[in-house]
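As structure tokens, the structure follows; a few thoughts come after it.
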Amino acid sequence: MTSIRIAQTASKGREVFRQILTLRTEVEKVVLGLGKRAHNARMALSLLYRKPIINAGDVEQALSVSTPTANALINALVQLGILTEITGQQRWRSYAFKRYLNLFLS
């Protein structure tokens with residue numbers, strides 16, 4: 363019984379990893395269309411894989427950018443469907459990389 367569970371867990375792990383790689387490839391292609399913001403967007407993606415729920419302060423600190431730059435980058439990622447605003451507030455908003463999070467919840 364234990365070896366069956368181990369095999370099932372390993373199989374699920376491989377599938378999630380495959381889905382992460384597919385998502386990563388897809389999202390990387392999408393952010394390349396951001397022109398001069400593509401570099402920062404790729405750095406933000408790297409942050410999102412480590413911390414899939416972020417706010418503007420997280421982006422400012424991780425990327426060493428200004429508040430307006432962090433907010434513009436987040437807005438671009440929201441427009442592309444990569445991030446989703448999850449707080450429903452006007453200030454102190456948090457955003458989630460839901461497609462990535464959902465891979466672990468399915």
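Here the sequence shown stands for residues 363 to 468, numbered as in the working numbering.
Cβ atoms here follow ideal geometry from the backbone N, Cα and C, with glycine treated the same way.
Computed from a predicted model, the values in this text were never measured in an experiment.
Put simply, the region 410-418 touches the region 440-460. At least three CB pairs are less than 8 Å apart.
Relative to V427, the option among L445, M405, I382 and I444 whose CA is nearest is M405. Straight through space, the alpha carbons of R412 and E422 are spaced by roughly 15 Å.
8 Å or more divides the Cβ of V389 from the Cβ of L409. One alpha carbon belongs to K391, the other to I436, and they sit about 17 Å apart.
Between the beta-carbon of A403 and that of A432 there is about 12 Å, and that puts the pair past the 8 Å contact cut.
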